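**Student:**
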Amino acid sequence: MNTFYNKSVEDTMKLLEVKEGGLKDSELDKRREKYGFNELEEGKKKSVLAVFLSQFQDFLVIILLVAAIVSAFLGKLESAIVILVVVIINAILGTVQHIKAERSLSSLKALSSPIAKVLRNGNRIEIPSREVVVGDIIYLDAGDYISADGRIIENYSLQVNESSLTGESESVLKNTEKINGEDVAIGDRKNMVFSGSFVTYGRAVVLVTDIGMNTEIGKIANLLQNAKEKKTPLQVNLDNFGKKLAIVILVISAVILVLNVVRGTSIIDAFMFAVSLAVAAIPEALSSIVTIVLALGTQKMAKENAIMRRLHAVESLGSISVICSDKTGTLTQNKMTVQQVYTDDKVIQKDHLNKDDQLQKKLVLSSLLCNDAVTVENKEIGDPTEVALVNFGEIYSFDELVIRDKYKRIAEVPFDSDRKLMSTLNEVDNTKMMVTKGALDVLLSRATKIETSKGIEPLTDGHKKEIEKINKEFSSKGLRVLSFGYKPLEDKSTIGIEDENDLIFIGLISMMDPPREESMSAVADCIKAGIKPVMITGDHKITASAIAKQIGILKDESEAMEGYELEKLSDEELKAIVENISVYARVSPEHKIRIVRAWQEKGNVVAMTGDGVNDGPALKQADVGIAMGITGTEVAKDAAAMVLADDNFSTIVKSISNGRSIYENIKNSIKFLLSGNTAGILSVLYATLFALPIPFAPVHLLFINLLTDSLPAIAIGLEPHNKNIMDRKPRNINIPILNKEFGIEVLLEGLIIAIVTMISFHIGLSTGNHEVAMVMAFATLCLSRLFHGFNCRSKQSIFKVGVFANPFVWYAVILGVALLTIVLTVKPIMGIFEVVPLNLSQYISVYSLALIPFVLIQLYKLIFVKSTDSDK
Ligand code: ATP
Numbered sequence: 007m008n009t010f011y012n013k014s015v016e017d018t019m020k021l022l023e024v025k026e027g028g029l030k031d032s033e034l035d036k037r038r039e040k041y042g043f044n045e046l047e048e049g050k051k052k053s054v055l056a057v058f059l060s061q062f063q064d065f066l067v068i069i070l071l072v073a074a075i076v077s078a079f080l081g082k083l084e085s086a087i088v089i090l091v092v093v094i095i096n097a098i099l100g101t102v103q104h105i106k107a108e109r110s111l112s113s114l115k116a117l118s119s120p121i122a123k124v125l126r127n128g129n130r131i132e133i134p135s136r137e138v139v140v141g142d143i144i145y146l147d148a149g150d151y152i153s154a155d156g157r158i159i160e161n162y163s164l165q166v167n168e169s170s171l172t173g174e175s176e177s178v179l180k181n182t183e184k185i186n187g188e189d190v191a192i193g194d195r196k197n198m199v200f201s202g203s204f205v206t207y208g209r210a211v212v213l214v215t216d217i218g219m220n221t222e223i224g225k226i227a228n229l230l231q232n233a234k235e236k237k238t239p240l241q242v243n244l245d246n247f248g249k250k251l252a253i254v255i256l257v258i259s260a261v262i263l264v265l266n267v268v269r270g271t272s273i274i275d276a277f278m279f280a281v282s283l284a285v286a287a288i289p290e291a292l293s294s295i296v297t298i299v300l301a302l303g304t305q306k307m308a309k310e311n312a313i314m315r316r317l318h319a320v321e322s323l324g325s326i327s328v329i330c331s332d333k334t335g336t337l338t339q340n341k342m343t344v345q346q347v348y349t350d351d352k353v354i355q356k357d358h359l360n361k362d363d364q365l366q367k368k369l370v371l372s373s374l375l376c377n378d379a380v381t382v383e384n385k386e387i388g389d390p391t392e393v394a395l396v397n398f399g400e401i402y403s404f405d406e407l408v409i410r411d412k413y414k415r416i417a418e419v420p421f422d423s424d425r426k427l428m429s430t431l432n433e434v435d436n437t438k439m440m441v442t443k444g445a446l447d448v449l450l451s452r453a454t455k456i457e458t459s460k461g462i463e464p465l466t467d468g469h470k471k472e473i474e475k476i477n478k479e480f481s482s483k484g485l486r487v488l489s490f491g492y493k494p495l496e497d498k499s500t501i502g503i504e505d506e507n508d509l510i511f512i513g514l515i516s517m518m519d520p521p522r523e524e525s526m527s528a529v530a531d532c533i534k535a536g537i538k539p540v541m542i543t544g545d546h547k548i549t550a551s552a553i554a555k556q557i558g559i560l561k562d563e564s565e566a567m568e569g570y571e572l573e574k575l576s577d578e579e580l581k582a583i584v585e586n587i588s589v590y591a592r593v594s595p596e597h598k599i600r601i602v603r604a605w606q607e608k609g610n611v612v613a614m615t616g617d618g619v620n621d622g623p624a625l626k627q628a629d630v631g632i633a634m635g636i637t638g639t640e641v642a643k644d645a646a647a648m649v650l651a652d653d654n655f656s657t658i659v660k661s662i663s664n665g666r667s668i669y670e671n672i673k674n675s676i677k678f679l680l681s682g683n684t685a686g687i688l689s690v691l692y693a694t695l696f697a698l699p700i701p702f703a704p705v706h707l708l709f710i711n712l713l714t715d716s717l718p719a720i721a722i723g724l725e726p727h728n729k730n731i732m733d734r735k736p737r738n739i740n741i742p743i744l745n746k747e748f749g750i751e752v753l754l755e756g757l758i759i760a761i762v763t764m765i766s767f768h769i770g771l772s773t774g775n776h777e778v779a780m781v782m783a784f785a786t787l788c789l790s791r792l793f794h795g796f797n798c799r800s801k802q803s804i805f806k807v808g809v810f811a812n813p814f815v816w817y818a819v820i821l822g823v824a825l826l827t828i829v830l831t832v833k834p835i836m837g838i839f840e841v842v843p844l845n846l847s848q849y850i851s852v853y854s855l856a857l858i859p860f861v862l863i864q865l866y867k868l869i870f871v872k873s874t875d876s877d878k
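Read in this note's numbering, the sequence shown has 515 at position 509, and its numbers run on one by one without any break.
Here it is in C-alpha cells:
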C-alpha cells in the first residue's frame with residue numbers, strides 16, 4: 007500500500023492522477039468503481055427474517071410456544087394451532103412495527119449526514135461525505151469533521167484533534183512538509199489528516215488519499231461497529247417496571263393455576279389458563295410502543311426543521327425549563343448590513359464615504375483584505391459579518407477578488423470566538439502589512455497608535471474614551487461593531503497570535519442584524535410556558551442587551567453580564583445569581599458550560615444552542631444540545647442531540663411543544679395498555695376468589711392482548727397536539743411517568759372495565775351455559791378495552807379535544823370491532839376461538855356494558871377535569 011506522508015505534494019498529485027482544478031465528473035465513476043463509497047461498513051442491519059425471528063425470543067412468546075407444544079402432546083391440536091397462529095400474527099405485527107420505526111429513524115439520520123467541501127470541475131461545491139472519492143481535493147475549515155484521509159497541499163495554521171485515532175486530546179499543528187522515513191506513527195504524520203478527526207483551528211486544502219474502510223479509522227472501525235442505539239431512560243424505566251410486574255403476574259398466575267387444579271380443573275386446562283393470563287396481563291409491548299411513538303413523533307419534528315439525533319432527547323425536550331440561545335442567526339436574521347463608519351473622529355453614514363479620503367479608503371480596503379467571504383454571481387459565500395463587509399465594498403465599486411489579487415495574502419491568523427480577532431498579512435506596495443479586525447475591546451487593548459488625517463500618533467486615553475463613546479452609541483442601537491487596525495511587518499512571512507499587538511487603530515464599522523420576526527412571539531411563548539430564555543453571545547454587551555430588549559428576553563440592564571465578570575465568579579456564586587441573568591455577552595465557549603451547569607444545579611432541564619468547534623462540551627453537558635443546521639460546524643452537530651435545520655429560535659420552542667405532546671401521548675398509550683391488562687387480571691382474580699368458573703378461554707385472552715391491543719395504543723400515540731400544551735409549566739423531570747396518581751388511575755379504570763366484564767359474565771352464567779358466559783365476558787372485555795381507547799386520548803374529554811381529531815384511534819377501534827365480529831360470527835373461525843353464538847339480547851347486553859366505562863369516564867372528565875388540567 008502507498009504511503010503519502012513521505013512524498014511531495016507534486017508526487018502525490020501525480021500518483022493519484024489529479025490536476026489543479028480537482029476531479030472532473032467524467033472521472034468519478036471509474037474511481038468509485040475502484041474504491042467504492044466513502045463509508046464505514048456498518049454493523050450488518052438485521053434482515054426482515056431476522057427481525058421476525060427475534061420476535062420469538064420474547065419470554066412470553068416462549069411460554070406460549072411451550073404451551074402450544076404441551077397441548078399438542080395432550081391431543082388438543084386445535085388450541086395448539088390457535089396459539090401458533092396468534093403468535094405468528096403477533097410476530098408479523100411486531101416485525102412491521104419494528105421496520106417502520108427503524109425506517110423513520112434511518113431517514114432522520116440521513117437528514118443530518120455530514121457534508122464535505124470539494125473542488126470538482128474547477129468549482130468548490132458541497133457534497134455528502136459519502137460521495138468523496140480518492141483524488142478529490144477537499145477544503146477544511148475550523149469545526150469540520152474530516153471525512154477521509156488525505157495529504158495536506160495547502161496549510162493555513164491548521165490544527166486537528168485526532169483523539170479518535172490516537173487518544174491524544176491536544177490538537178496537532180499540521181504542515182505540508184514531506185516527511186522522510188518509513189513507518190512514521192500516525193500522530194507524527196503532520197502533513198496528513200485522518201478521517202474521524204476534526205479541525206479545531208485554521209484551514210487547509212487536502213488531497214484525499216484513502217476513503218471508507220481503507221482509512222486509518224476504517225482499519226479500526228470494527229471496534230466501532232457494535233455501538234448500539236441506546237434505550238431511552240423512559241424505555242429503561244418501563245423495561246424495569248415491566249420485569250417487576252411480570253414477576254408479580256407470574257406469581258398470581260401460579261396461585262391461580264394451583265387453585266384451579268385444587269378445584270378440579272384438569273392440569274392442562276389450568277396450565278393453559280394460567281399461561282394465557284400471564285400473557286394477557288404482562289405488558290410486553292410497552293417499550294416497543296415507546297419506540298414507535300417516538301420515531302413517528304421525530305419524523306413530524308423533522309418536517310418542522312428540528313432533526314433529532316438522539317431519541318432520548320425527545321423525552322427531555324418536554325421538560326426543558328431554560329433555553330440558552332446564541333444571538334446571531336438564531337434570534338437575529340444573520341443578514342448583516344453595514345450602517346455607519348467611524349474614522350478620523352467622524353461618524354459617516356454608509357453611503358457618504360469619500361473614496362478619495364486615504365483613511366476611509368484604507369478602512370474599506372482593510373475590511374476586504376482581512377476577510378474570507380466572496381460573492382460569486384450574486385451568491386454570498388462566507389461568514390455573514392464578512393459578507394456584509396464585501397457588500398459594503400461594492401458600494402464603492404471595490405471588487406473583493408481584484409483587491410485580494412492586488413494585495414496578496416501571505417499569511418493569516420484565522421478568527422476564533424475565544425480571541426475575537428482575525429489578522430492577515432498582505433503585500434501592500436512592496437512592503438508587508440498585517441491587518442487585524444475584531445471586537446473593539448480586544449483590539450483596542452492591543453493598539454498603541456491611531457491614524458487620523460493628521461498622521462499616526464500615540465493612542466491616548468482621550469482617544470480611547472472617544473472611540474468607546476462612539477462604540478457605545480452604535481451598540482445601544484443594537485448594532486454590531488467591528489474595529490480595524492494594522493501594522494507594518496516588513497520582514498515577516500508568517501504571523502501568529504503573538505503579532506497581534508502594537509496595532510495602529512484606524513476605525514470602526516457598525517452593522518445591523520435585525521431580530522427575526524418570529525423571535526418576539528417565540529420568546530413570549532417561552533415565558534408563558536414557564537421556560538426561561540437566556541441569550542448567550544460573543545457580541546458586545548450593549549448590542550446584545552439592545553436586541554434582547556427588543557425581543558423581550560431582557561427587561562433591565564442589570565440582567566446582562568459580560569464574560570469577564572462571569573470569570574470572576576466561583577461556581578457557587580454563579581449558581582446564586584444565575585436566575586437573575588438573561589444576557590451573557592462577550593462570552594467564550596468555555597463560559598457556556600458553566601452557565602449550563604449552574605442552571606442544572608438549580609434543578610433545571612437546560613437546552614443550549616451552539617455552532618462552533620468549541621461548543622461541543624457545552625452541547626454535551628446540556629440536557630438537549632442544539633446545533634445550528636445552516637451555520638453550525640460538523641463538530642457541533644455531532645455533539646448535539648438536535649439539529650435546527652433553519653437555525654431559528656422559534657423552531658426550538660416549537661419542538662419543546664412537540665416534546666411535551668409526544669411525552670403525554672406516550673403516557674396515554676401506556677395507560678391504555680396497563681388499564682386494559684389490569685381489567686383482565688382483576689376479572690380472573692374475581693372469578694377465582696369467588697370460585698366461579700373460568701371467565702375466559704385462553705384463546706380469548708390471547709386474541710385481545712395480541713391482536714386488538716397494540717394498534718389503538720399506537721393510535722393514541724399519534725394524538726394531535728393539545729392547543730394548551732404551552733400554557734403550562736414544564737413537566738418536572740423527577741416525577742416518573744409511572745407515578746402514584748397514574749397508578750391509581752390505571753387501577754380505577756381497569757376496575758371499571760373488570761366490573762362490567764364480570765356483570766356480563768354473570769348475565770351469561772344466569773343462562774346456565776358456561777360457554778355463553780365466557781363469550782359474553784370475552785366480548786365485553788374486548789369491546790370495553792377498545793372503547794376505552796377514546797378515554798385514553800387525553801386527560802380532557804374527547805368532546806373537548808374533538809371527537810374526530812384523532813382519526814387513527816377510530817381506525818384502530820373499528821378494525822378491532824371488525825375482528826371481534828368475525829370471531830363471534832364466522833362459523834369456522836368461531837370454532838377455533840371457542841366461541842358459541844350469542845342471541846340478540848346478549849349482544850345488546852355486551853355492547854351496553856362495554857360502553858359503560860367509556861360513558862362514565864367521559865362524564866367524569868366533562869364534569870371534573872378543568873380545561874387547563876394536564877398530566878403531571
Ligand atoms: P453569537 O455568539 O450569538 O453567535 P457572535 O457571532 O457575535 O454572536 P462570535 O462569532 O463569537 O459571536 O463573535 C464575537 C465577536 O468577535 C463579535 O462581536 C465581533 O466583534 C468579532 N467578530 C465576529 N466575527 C468576526 C470576524 N469574522 N472577524 C473578526 N472579528 C469578528
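From the three backbone atoms N, C-alpha and C, an ideal C-beta is built for every residue, glycine too. Given the structure is predicted, the values throughout are model-derived calculations rather than measurements.
#1: Check whether the Cβ of residue 335 sits closer than 7 Å to any heavy atom of the ligand ATP, and report yes or no.
#2: To the nearest angstrom, how far is the alpha carbon of residue 517 from that of residue 112?
#3: Does the beta carbon of residue 650 fall short of 7 Å from some heavy atom of the ligand ATP?
#4: Could you give the DSSP three-state label for residue 700: helix, strand or coil?
#5: Answer yes or no: the CB of residue 614 versus the heavy atoms of the ligand ATP, is any distance below 7 Å?
#6: Among 813, 545, 639, which has the Cα closest to the Cα of residue 446?
#7: So, at 8 Å on beta carbons, what are the nonlocal neighbours of residue 810 in its own chain, with the 5 sequence-adjacent residues on each side left out?
#8: So does residue 423 have its beta carbon nearer than 7 Å to some heavy atom of the ligand ATP?
#9: I'd like to confirm the pairing. Which residues does DSSP put opposite residue 418 in its beta bridges?
#10: Checking the sheet assignment: what are the DSSP bridge partners for residue 43?
#11: Report yes if the C-beta distance between residue 335 and residue 374 is below 8 Å; otherwise report no.
#12: State the start and end residues of the unbroken beta strand (DSSP E) segment that holds residue 132.
#13: Using the Cα positions of residue 432 and residue 370, report the straight-line distance between them to the nearest angstrom.
#14: Would you call the stretch 680-697 and the stretch 649-669 in contact, with 3 or more CB pairs under 8 Å?
#15: Does the ligand ATP have a heavy atom nearer than 7 Å to the CB of residue 174?
#16: My output table needs one value for residue 623: the three-state DSSP class, helix, strand or coil.
#17: Is it right to say residue 157 is buried, meaning 16 or more other beta carbons lie within 10 angstroms of its own, or is it exposed?
#18: State yes or no: is the C-beta of residue 406 nearer than 7 Å to some heavy atom of the ligand NAP?
#19: With 16 as the cutoff for other CB atoms within 10 Å, does residue 413 come out buried or exposed?
#20: What does the alpha-carbon distance come out to for the pair residue 708 and residue 294?
#21: Tell me whether residue 391 counts as near the ligand ATP, meaning its Cβ is closer than 7 Å to at least one heavy atom of that ligand.
#22: Can you give the Cα-Cα distance for residue 631 and residue 221, rounded to whole angstroms?
#23: Using 10 angstroms around the beta-carbon of residue 736, count the other beta-carbons present and answer buried if the total reaches 16, otherwise exposed.
#24: Grouping DSSP H, G and I as helix and E and B as strand, with all else coil, what is residue 9?
#25: Per DSSP, what kind of secondary structure is residue 231 in: helix, strand or coil?
#26: CB residue 494 to CB residue 439, shorter than 8 Å?
#27: In whole angstroms, what separates the C-alpha of residue 466 from that of residue 315?
#28: Could you check which residue in 359, 619, 411 has the C-alpha nearest to that of residue 380?
#29: State the Cα-Cα distance for the pair residue 33 and residue 212, rounded to the nearest angstrom.
#30: Would you grab the beta carbon distance between residue 881 and residue 267 for me? Rounded to a whole angstrom, and I think it's under 8 Å.
#31: What did DSSP end up calling residue 257 once you bin it into helix, strand or coil?
#32: Tell me the rounded alpha-carbon separation between residue 448 and residue 179.
#33: At a threshold of 7 Å, does residue 486 count as lining the ligand ATP (C-beta to nearest heavy atom)?
#34: Considering residue 330, what are the terminal residues of the beta strand (DSSP E) in which it resides?
#35: Any heavy atom of the ligand ATP inside 7 Å of the beta-carbon of residue 213?
#36: Could you name the residues that DSSP lists as bridge partners for residue 516?
**Tutor:** Reading from the atomic positions:
#1: Sequence index remark: in the sequence shown, residue 335 carries index 329 (1-based). Yes, since a heavy atom of the ligand ATP falls inside the 7 Å radius drawn around the Cβ of residue 335.
#2: For the purposes of this step, residue 517 is identified with residue 511 of the sequence shown, where counting begins at 1. For the purposes of this step, residue 112 is identified with residue 106 of the sequence shown, where counting begins at 1. So the two alpha carbons sit approximately 42 Å from each other.
#3: Along the sequence shown, read from residue 1 onward, the residue named residue 650 stands at position 644. No, the Cβ of residue 650 stays beyond 7 Å of every heavy atom of the ligand ATP.
#4: Locating residue 700 in the sequence shown gives position 694, counting from the first residue. Coil.
#5: Locating residue 614 in the sequence shown gives position 608, counting from the first residue. In this structure, the C-beta of residue 614 stays at least 7 Å away from each heavy atom of the ligand ATP.
#6: In the sequence shown, the residue the question calls residue 446 occupies position 440. Closest option to residue 446, Cα to Cα, is 545.
#7: Counting from 1 along the sequence shown, the entry for residue 810 is found at position 804. Excluding sequence neighbours, residue 810 sits near 816.
#8: As a first step, residue 423 must be located in the sequence shown, where it is residue number 417. Relative to the non-hydrogen atoms of the ligand ATP, the Cβ of residue 423 comes within a distance shorter than 7 Å of at least one.
#9: Locating residue 418 in the sequence shown gives position 412, where the first residue counts as 1. The partner list for residue 418 (beta bridge, DSSP) reads 430.
#10: For this step, residue 43 is matched to residue 37 along the sequence shown. BP columns for residue 43 are empty, so no partner.
#11: Against the sequence shown, residue 335 aligns to sequence position 329. Against the sequence shown, residue 374 aligns to sequence position 368. Going by C-beta atoms, residue 335 is not nearer than 8 Å to residue 374.
#12: By 1-based counting over the sequence shown, the position of residue 132 is 126. Per DSSP, residue 132 belongs to the beta strand (DSSP E) from 129-134.
#13: Reading the sequence shown from its first residue, position 426 is the one you call residue 432. Reading the sequence shown from its first residue, position 364 is the one you call residue 370. Taking the straight line joining both Cα atoms gives about 15 Å.
#14: no
#15: Stepping through the sequence shown from its first residue, residue 174 is reached at position 168. It does not: the Cβ of residue 174 is nowhere closer than 7 Å to a heavy atom of the ligand ATP.
#16: Counting from 1 along the sequence shown, the entry for residue 623 is found at position 617. If DSSP states are grouped into helix, strand and coil, residue 623 belongs with the helices.
#17: Looking up residue 157 in the sequence shown gives position 151. So residue 157 ends up on the buried side.
#18: Summarising the ligand content, the structure contains the ligand ATP and does not contain the ligand NAP.
#19: The residue given as residue 413 occupies position 407 in the sequence shown. Residue 413 should be labelled buried.
#20: On the sequence shown, residue 708 is found 702 positions in, with the first residue counted as 1. On the sequence shown, residue 294 is found 288 positions in, with the first residue counted as 1. Using only the alpha carbons, I get a separation of about 18 Å.
#21: Against the sequence shown, residue 391 aligns to sequence position 385. For residue 391, the distance from the CB to the nearest heavy atom of the ligand ATP is below 7 Å.
#22: Counting from 1 along the sequence shown, the entry for residue 631 is found at position 625. Counting from 1 along the sequence shown, the entry for residue 221 is found at position 215. The alpha-carbon atoms of residue 631 and residue 221 are separated by roughly 30 Å.
#23: As a first step, residue 736 is located in the sequence shown; it is residue number 730 there, counting from the start. Flag for residue 736 reads buried.
#24: Along the sequence shown, one-based indexing puts residue 9 at 3. Residue 9: coil per DSSP, three-state reduction.
#25: Residue 231 sits at position 225 when you count from the first residue of the sequence shown. Annotation note: pLDDT 42 at residue 231 (below 50); position unreliable, no value reported.
#26: Here the question's residue 494 lines up with position 488 in the sequence shown. Here the question's residue 439 lines up with position 433 in the sequence shown. Contact: yes.
#27: Within the sequence shown, the letter at position 460 stands for residue 466. Within the sequence shown, the letter at position 309 stands for residue 315. Each residue's alpha carbon lies about 53 Å from the other.
#28: Working through the sequence shown from its first residue, we reach residue 380 at position 374. Of the listed residues, the one whose Cα sits closest to residue 380 is 411.
#29: Position 27 of the sequence shown, counting from 1, holds the residue named residue 33. Position 206 of the sequence shown, counting from 1, holds the residue named residue 212. Roughly 18 Å between the two C-alpha positions.
#30: Here the chain covers residues 7 to 878 and nothing more, so residue 881 does not appear.
#31: Against the sequence shown, residue 257 aligns to sequence position 251. Shown here, residue 257 sits in a helix according to DSSP, grouped into three states.
#32: Reading the sequence shown from its first residue, position 442 is the one you call residue 448. Reading the sequence shown from its first residue, position 173 is the one you call residue 179. In a straight line, the C-alpha of residue 448 is about 25 Å away from that of residue 179.
#33: For the purposes of this step, residue 486 is taken as residue 480 along the sequence shown, with counting starting at 1. Answer for residue 486: yes, Cβ within range of the ligand ATP.
#34: Taking the first residue of the sequence shown as 1, we reach residue 330 at position 324. Per DSSP, residue 330 belongs to the beta strand (DSSP E) from 328-331.
#35: Translated into the one-based positions of the sequence shown, residue 213 becomes position 207. Answer for residue 213: no, Cβ out of range of the ligand ATP.
#36: Indexing the sequence shown from 1 puts residue 516 at position 510. Looking at the DSSP assignment, residue 516 forms a beta bridge with 346, 487.
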